[in-house]
Amino acid sequence: MNNFFNPKSIAVIGASRSPGKVGYDILRNIIQYGYEGSVYPVNPGATEILGKKSYPSLLDIPGQIDLAVVVVPSKNVIEVIEQCGVRKINAAIVISAGFKESGLEGARLENEMVRKAREAGVRFIGPNCLGVIDTHSKLNASFAAGMPAKGGIGFFSQSGALCLAVLDRALPDEIGFSKFISMGNKSDITDTDIMLALAEDDNTRVILGYIEGLTDGRRFMEVASEVSKKKPLIILKSGITSSGAKAASSHTGALAGREAAFSSAFKQSGVIRAHTLNELFNYALAFSNQPLPRGPNVAIITNSGGPGILAADACDKSDLQLIPLYKDVVDELRSFLPPVASFYNPIDIMGDSGADRYEKAINTVLKDERINAVLVLLTPTAVVDVEATATAIASLSRLTDRPVLTSFMGKQSVEAAARLLMKNNVPNYSYPEEAVSSLNAMYRYRVWISRPEKTYPKPVGSKEEAAHIFAKAREESRQRLSDSEVHDVLHAYGFSQPKGLFARTSEEAVAAAKGIGYPVVMKIVSPQIVHKSDMGGVRVNLQGKKDVENAFFDITTRVRNLIPAAHIYGVMIQEMIYGGKEVIVGITKDPQFGHMIMFGLGGIYVEVLKDISFRITPLSQEDAHEMMRETKTFPLLRGVRGEAEADIEAIERSLLTLSQMAADFPEILEADINPLLVRKRGEGVVAVDARFTIGGE
Ligand code: ADP
Ligand code: MG
7 MNNFFNPKSI AVIGASRSPG KVGYDILRNI IQYGYEGSVY PVNPGATEIL GKKSYPSLLD
67 IPGQIDLAVV VVPSKNVIEV IEQCGVRKIN AAIVISAGFK ESGLEGARLE NEMVRKAREA
127 GVRFIGPNCL GVIDTHSKLN ASFAAGMPAK GGIGFFSQSG ALCLAVLDRA LPDEIGFSKF
187 ISMGNKSDIT DTDIMLALAE DDNTRVILGY IEGLTDGRRF MEVASEVSKK KPLIILKSGI
247 TSSGAKAASS HTGALAGREA AFSSAFKQSG VIRAHTLNEL FNYALAFSNQ PLPRGPNVAI
307 ITNSGGPGIL AADACDKSDL QLIPLYKDVV DELRSFLPPV ASFYNPIDIM GDSGADRYEK
367 AINTVLKDER INAVLVLLTP TAVVDVEATA TAIASLSRLT DRPVLTSFMG KQSVEAAARL
427 LMKNNVPNYS YPEEAVSSLN AMYRYRVWIS RPEKTYPKPV GSKEEAAHIF AKAREESRQR
487 LSDSEVHDVL HAYGFSQPKG LFARTSEEAV AAAKGIGYPV VMKIVSPQIV HKSDMGGVRV
547 NLQGKKDVEN AFFDITTRVR NLIPAAHIYG VMIQEMIYGG KEVIVGITKD PQFGHMIMFG
607 LGGIYVEVLK DISFRITPLS QEDAHEMMRE TKTFPLLRGV RGEAEADIEA IERSLLTLSQ
667 MAADFPEILE ADINPLLVRK RGEGVVAVDA RFTIGGE
């Protein structure tokens, strides 16, 4: 990738003499921002552009060329790529538009270009992009208006417009970037190539990305996991909708959307997810300027109550903690703060505070070594010297190895101070909540890099025992496994299931119930019926012969009335399981990331509550542990109001078993066990109802 960022010579193919044309702006940017290598404009109609000798074609340029910047019309790009091959130029930036983004013909051209580039040994960024900026080699091979300051943020973006917006926002505050890469259509060089390059780049401390779509989700996760261990990787992903709910034949399929896949992928690979552009920027400021906090404890110092409370509320919703300070630290604060001040965290040093009081308060708070980060809030009261306070904070921040973030609130009266803080690597935010969420992102990243390697349990279950079932369904081109096949697959993987007997008539049902032992459950068995209770096809807690006879009559008549075409095989008589809590566990398949495992609480209410969590396979022990705790209803499993705790470890094992099953049978499209009845701790789980959909592969 070196030739993209630090080339010794550049050719601009399609350079123009007309200001305002992209081919002009790029050449001008390269020259204007101090690029030190050789620059060769290529334009058959010109002899000289912007003081540089122009050449009719790439082939006419004497000497070595490291990087080709291509600005010619799309129909001519392939020819230029071929010439790059002839000239042994292995790096190109294709600015030209008119490819995939413009329709079928453009997509065809783009595919052809990729093929030609491979043949010619040329790697390229784009097409349809804004270009590349490297502040450290003073290269601005883009048509952006302006050059960012030198700094530690490496930014890549699928959208060129977004590059422009970020640049424009960065310029006035002189926020420093190492590299700026507009990716365009990403038809050759992709996000993962750039992430790897930025991870290796000594000038880049923080990697920032804007992504709309990915072609290879698994590869992304692999690279992101590697990169995020070295540097913070902050990504804004747009275009997430929950329209992934297609084959709604199972609960899992209906509940999983693209959003679930991406957020799991990010979580599992240590990506710091920004949800808005503002957040992306805020996080970048914190990560690129301040050290990571070593723990969650934060001290808030403020000159007014309201903002202190807002910040405290925000901390409360985050992983950060506001701990009370040591007594001797509080005593010291008392010695110089007015008696009406608040000495507990948040520490309110009052509206009449000047720079010296801020300085003393921060210094004192830092004496409590349990405090991992300091958040300084300032409301521009009439008495406070805003700039002097900023100066004081800036020098204190330089002396401590703990992160200091500020929120000088307002705009006009704090503008100069905010700039001063930023210049001194103290990120300043307009609102306290933004400072808190940025600090929280830093803390979470700290936790990520210091966590132990994930552990993957040994394979469980008997793949061999289940294989013939899947094979048979495939041979018969069936998408769904039958109830008895589902039973056998679950059995092969060690799931407990209620005792059950199939019955075709009322008499058989009574005999089956007697065999199993009362009370029993009766369920309709019909290949046309997916959700049995929706059709009135399930009766629980049948206590005797009469109950069974009535239930048989009711169920079969009701189903016959509701779906006259349904083929009713008979009913299943099942042992009734008492006292379990209902959870749902399942497998689903995302087009980009492949199999995901789902967990949720609530049995038949799961589709209403939507309180579910996902992880992409293979599931680690930690994934299984965390995904349960991510749901809001998890505390119900712990037991509320004196209830016994449910067997959480058994659920964890079930999740891991499903992950193994998904690995063993790639053809599983969807599977869910709903409900998985969870008994008391140590008593295990029972798979009461399940379905499997297979296809593809
Ligand atoms: P479906 O999901 O097709 O409607 P289920 O077999 O899941 O059918 O049954 C619906 C509900 O009935 C379950 O969520 C559970 O609450 C209850 N149920 C079913 N079978 C049993 C059983 N063997 N023991 C206890 N409760 C059961
Ligand atoms: Mg069910």
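7 is the number of the first residue of the sequence shown in the numbering used here; add one for each residue after it.
We put the beta carbon where it would ideally sit given N, CA and C, even for glycine.
Is residue i close to the ligand ADP? I mean its beta-carbon at under 7 Å from any heavy atom of the ligand.
{"i": "residue 217", "result": "no"}
{"i": "residue 504", "result": "yes"}
{"i": "residue 529", "result": "yes"}
{"i": "residue 540", "result": "yes"}
{"i": "residue 716", "result": "Past the boundaries of the shown model lies residue 716; the chain is included only from 7 to 703, so the question cannot be answered."}
{"i": "residue 618", "result": "no"}
{"i": "residue 497", "result": "no"}
{"i": "residue 493", "result": "no"}
{"i": "residue 534", "result": "no"}
{"i": "residue 580", "result": "yes"}
{"i": "residue 522", "result": "no"}
{"i": "residue 399", "result": "no"}
{"i": "residue 281", "result": "no"}
{"i": "residue 657", "result": "no"}
{"i": "residue 676", "result": "no"}
{"i": "residue 455", "result": "no"}
{"i": "residue 588", "result": "yes"}
{"i": "residue 561", "result": "no"}
{"i": "residue 569", "result": "no"}
Among the options, which residue has its Cα nearest to the Cα of residue i?
{"i": "residue 661", "options": "615, 590 and 337", "result": "590"}
{"i": "residue 685", "options": "560, 453, 305 and 653", "result": "653"}
{"i": "residue 16", "options": "81, 678 and 43", "result": "43"}
{"i": "residue 408", "options": "305, 210 and 499", "result": "305"}
{"i": "residue 532", "options": "605, 561, 515 and 627", "result": "561"}
{"i": "residue 672", "options": "700, 649, 23 and 692", "result": "700"}
{"i": "residue 128", "options": "500, 628, 683 and 9", "result": "9"}
{"i": "residue 243", "options": "278, 544, 467 and 573", "result": "278"}
{"i": "residue 420", "options": "175, 135, 96 and 436", "result": "436"}
{"i": "residue 57", "options": "328, 63, 34 and 439", "result": "34"}
{"i": "residue 601", "options": "96, 28, 417 and 268", "result": "268"}
{"i": "residue 683", "options": "534, 667 and 643", "result": "643"}
{"i": "residue 453", "options": "273, 210 and 265", "result": "273"}
Below 7 Å, is the gap between the Cβ of residue i and the nearest heavy atom of the ligand MG?
{"i": "residue 9", "result": "no"}
Tell whether a beta-carbon distance below 8 Å holds between residue i and residue j.
{"i": "residue 485", "j": "residue 496", "result": "no"}
{"i": "residue 48", "j": "residue 147", "result": "no"}
{"i": "residue 184", "j": "residue 207", "result": "yes"}
{"i": "residue 160", "j": "residue 204", "result": "yes"}
{"i": "residue 371", "j": "residue 399", "result": "no"}
{"i": "residue 77", "j": "residue 132", "result": "no"}
{"i": "residue 72", "j": "residue 122", "result": "no"}
{"i": "residue 291", "j": "residue 165", "result": "no"}
{"i": "residue 299", "j": "residue 378", "result": "yes"}
{"i": "residue 163", "j": "residue 11", "result": "no"}
{"i": "residue 678", "j": "residue 697", "result": "yes"}
{"i": "residue 431", "j": "residue 413", "result": "no"}
{"i": "residue 6", "j": "residue 187", "result": "Residue numbering for the chain in the displayed model covers 7 to 703; residue 6 lies beyond these limits and cannot be assessed."}
{"i": "residue 101", "j": "residue 32", "result": "yes"}
{"i": "residue 402", "j": "residue 368", "result": "yes"}
{"i": "residue 704", "j": "residue 623", "result": "The displayed coordinates of the chain run from 7 to 703. Any statement about residue 704 would go beyond what the structure contains."}
{"i": "residue 240", "j": "residue 217", "result": "no"}
{"i": "residue 583", "j": "residue 665", "result": "no"}
{"i": "residue 362", "j": "residue 389", "result": "no"}
{"i": "residue 23", "j": "residue 55", "result": "yes"}
Any heavy atom of the ligand FAD within a distance shorter than 7 Å of the CB on residue i?
{"i": "residue 544", "result": "The ligand FAD is not part of the structure shown, which contains the ligand ADP and the ligand MG as its ligands."}
Closer than 8 Å, CB to CB, is residue i near chain C or not?
{"i": "residue 39", "result": "The structure shown has no chain C; it contains just one protein chain."}
- prompt: Is the number of C-beta pairs between the region 144 to 161 and the region 36 to 50 that are closer than 8 Å three or more?
  reply: yes
- request: Pair every Cβ in the region 179 to 193 with every Cβ in the region 96 to 116, then say whether three or more of these pairs are closer than 8 Å.
  value: Counting C-beta pairs with one atom in each stretch, the region 179 to 193 and the region 96 to 116 have three or more that are closer than 8 Å, which means they touch.
- request: Could you please go through the chain and list the residues whose beta-carbon is closer than 5 Å to any non-hydrogen atom of the ligand MG?
  value: 680 and 695
field: the region 519 to 532 in contact with the region 549 to 558 per 3-pair CB rule at 8 Å
entry: Taking 8 Å as the limit for Cβ pairs, the verdict is that the region 549 to 558 does touch the region 519 to 532.
message: Does the structure place the region 270 to 290 close enough to the region 325 to 333 that three or more beta carbon pairs sit under 8 Å?
response: No: the two stretches stay apart, fewer than three of their Cβ pairs being nearer than 8 Å.
Contact the region 606 to 618 vs the region 636 to 653: 3+ CB pairs below 8 Å: At 8 Å Cβ cutoff, the stretches touch.
- prompt: Counting pairs of Cβ atoms below 8 Å between the region 300 to 319 and the region 340 to 354, do you hit three or more?
  reply: Using a C-beta cut-off of 8 Å, the region 300 to 319 makes contact with the region 340 to 354, since at least three inter-stretch Cβ pairs fall below that distance.
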